[in-house]
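Number of protein chains: 2
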Amino acid sequence: MVDYDCQCEELHENKIQKAIISMPEDNIIKYISAFFKIMGDPTRIKIINALFDNELCVCDIAEVMNMTHSAISHQLRLLREADLVKYRKEGKVVYYSLNDEHVEQLYELAKIHIIEKRGLNAKILS
Amino acid sequence: MVDYDCQCEELHENKIQKAIISMPEDNIIKYISAFFKIMGDPTRIKIINALFDNELCVCDIAEVMNMTHSAISHQLRLLREADLVKYRKEGKVVYYSLNDEHVEQLYELAKIHIIEKRGLNAKILS
DNA sequence: TGAATATATGAACAATCATTCATATATAAT
DNA sequence: ATTATATATGAATGATTGTTCATATATTCA
Numbered sequence: 004m005v006d007y008d009c010q011c012e013e014l015h016e017n018k019i020q021k022a023i024i025s026m027p028e029d030n031i032i033k034y035i036s037a038f039f040k041i042m043g044d045p046t047r048i049k050i051i052n053a054l055f056d057n058e059l060c061v062c063d064i065a066e067v068m069n070m071t072h073s074a075i076s077h078q079l080r081l082l083r084e085a086d087l088v089k090y091r092k093e094g095k096v097v098y099y100s101l102n103d104e105h106v107e108q109l110y111e112l113a114k115i116h117i118i119e120k121r122g123l124n125a126k127i128l129s
Numbered sequence: 004m005v006d007y008d009c010q011c012e013e014l015h016e017n018k019i020q021k022a023i024i025s026m027p028e029d030n031i032i033k034y035i036s037a038f039f040k041i042m043g044d045p046t047r048i049k050i051i052n053a054l055f056d057n058e059l060c061v062c063d064i065a066e067v068m069n070m071t072h073s074a075i076s077h078q079l080r081l082l083r084e085a086d087l088v089k090y091r092k093e094g095k096v097v098y099y100s101l102n103d104e105h106v107e108q109l110y111e112l113a114k115i116h117i118i119e120k121r122g123l124n125a126k127i128l129s
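Top to bottom, those sequences are chains A and B.
Just add 3 to wherever you are in the first sequence, counting from 1, and you've got our numbering.
Just add 3 to wherever you are in the second sequence, counting from 1, and you've got our numbering.
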């Protein structure tokens with residue numbers, strides 16, 4: 004797989020071994036990256052925002068975002084499958100809310116990172 | 004954009020207004036989702052893992068991951084552009100490392116979420 | 001200067017993804 | 001039972017993305 008060898012193989016042997024030894028299994032990597040991938044879409048980030056301290060049905064979310072019920076429903080399925088949201092059925096209506104506090108924590112932490120690195124001030128991002 | 008109206012518009016008016024008012028601007032949503040999107044790829048998560056408490060050159064990372072230098076270099080460019088990694092040049096060699104502690108914090112928080120929700124135990128994920 | 005090494009990048013291609021459209025399911029109301 | 005409402009889902013499509021291949025840049029060494 005590696006195209007050609009370089010001197011680093013010998014010079015950095017310890018650091019390379021350290022990285023190899025502490026590398027998680029592939030399916031763990033897959034779980035974690037899949038989780039972030041779900042957070043990595045503007046539509047889903049908007050849905051997550053709408054659900055901060057708010058329980059909304061599909062119809063509500065569609066109106067907040069000015070998108071079709073179908074598009075929202077498809078995205079909610081992905082958020083459900085990643086355990087980012089939970090839902091509660093009441094008659095015909097399905098109410099969605101955030102599954103736990105981690106989602107908001109992750110959102111806030113990413114926001115802090117962007118404020119620090121991109122120089123966007125807190126006011127604009129709040 | 005919305006396909007048809009539903010009763011929620013009136014019944015949930017307050018909740019809908021709350022979500023609309025607290026919704027960040029579109030470009031803010033874009034920044035945050037773009038950040039998570041960068042974390043949402045197995046190759047990049049592996050690179051991030053390799054760089055935990057470790058400064059490595061492109062060649063090292065390629066060997067750790069058993070991938071071509073070109074593929075790694077492309078991914079490092081994305082990580083650089085998202086300010087996830089920083090780099091330091093020493094002659095021909097470019098050493099990469101994580102830009103700040105947020106990246107590792109986000110990784111750990113996502114791991115905790117997965118452990119809690121997916122029932123994977125801590126041992127497997129560490 | 002010229003050859004070798006380390007990294008970066010543009011173009012191409014296959015794979016993945018978000019939305020739309022049509023349709024299906026489930027519940028409520030008449 | 002029939003109709004209306006709320007949500008879910010399969011297929012199709014245009015857009016985006018990760019890797020490969022070829023090539024370019026930058027630095028070191030002879």
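Where is the CB? At the ideal position from N, CA and C, for every residue including glycine.
Since the structure is predicted, the reported quantities are computational estimates derived from the model, not experimental observations.
For a quick check, are the C-beta atoms of Ile64 (chain A) and Ile50 (chain A) less than 8 Å apart?
Their beta carbons are under 8 Å apart, which means Ile64 (chain A) touches Ile50 (chain A) by this criterion.
Output the distance between the C-alpha atoms of Leu128 (chain B) and His15 (chain B), rounded to the nearest integer angstrom.
Residue confidence for Leu128 (chain B) is low, a pLDDT of 45 falling below 50, so the modelled location carries little weight; the figure read from the coordinates is stated next. Straight-line Cα distance between these residues: approximately 41 Å.
Quick check on Gln10 (chain B): buried or exposed, where buried means 16 or more other Cβ atoms within 10 Å of its Cβ?
The residue is exposed, with fewer than 16 neighbouring Cβ atoms inside 10 Å.
Could you check whether Leu109 (chain A) and Leu81 (chain B) sit closer than 8 Å to each other, using their CB atoms as the reference points?
Not a contact, by the Cβ cut-off of 8 Å.
If you measure from the beta carbon of Ile24 (chain A) to each beta carbon in chain B, is any gap under 8 Å?
Chain B, which has no Cβ nearer than 8 Å to the Cβ of Ile24 (chain A), makes this no.
Using the C-alpha atoms, what's the distance from Pro45 (chain A) back to Lys33 (chain B)?
Looking at the two C-alpha atoms, the distance is approximately 6 Å.
From this set, A:Arg91, A:Ile48, A:Val67, A:Lys95, which residue's C-alpha is nearest Gln78 (chain A)'s C-alpha?
Cα-wise, what sits closest to Gln78 (chain A) is A:Ile48.
For Glu104 (chain A), count neighbouring C-beta atoms within 10 Å of its own C-beta (all shown protein chains included) and say buried if the count is 16 or more, exposed if not.
With fewer than 16 other Cβ atoms within 10 Å, it is exposed.
Going along chain B, which residues have a C-beta under 8 Å from Leu82 (chain A)?
Going along chain B, no residue has its Cβ under 8 Å from Leu82 (chain A), so there is no contact; the nearest lies around 12 Å.
Checking the sheet assignment: what are the DSSP bridge partners for Ser100 (chain A)?
In DSSP, Ser100 (chain A) forms a bridge with A:Lys89.
I need the straight-line Cα distance from Ile29 (chain A) to Ala37 (chain B), nearest angstrom please.
A small correction: the amino acid at residue 29 (chain A) is Asp; Ile does not occupy that position in the sequence shown. Taking the straight line joining both Cα atoms gives about 24 Å.
Per DSSP, what kind of secondary structure is Cys62 (chain A) in: helix, strand or coil?
Helix, per DSSP.
Where does His72 (chain A) fall in DSSP's three states?
It is helical.
Contact defined as beta carbons within less than 8 Å: I believe Ser100 (chain A) pairs with Leu54 (chain A). What is the distance between those atoms, to the nearest angstrom?
Right, their Cβ atoms sit about 6 Å apart.
When the cut-off is 8 Å and only beta carbons count, does Ser36 (chain A) lie next to chain B?
Judged by the 8 Å Cβ criterion, Ser36 (chain A) is in contact with chain B.
Whose Cβ in chain A lies nearer than 8 Å to the Cβ of Val67 (chain B)?
Result: Ile19, Ala22, Ile23, Met26.
Let me see if you follow: with CB-CB separation under 8 Å, is His3 (chain A) close to chain B or not?
Limits of chain A in this structure are 4 at one end and 129 at the other, which puts residue 3 (chain A) out of reach.
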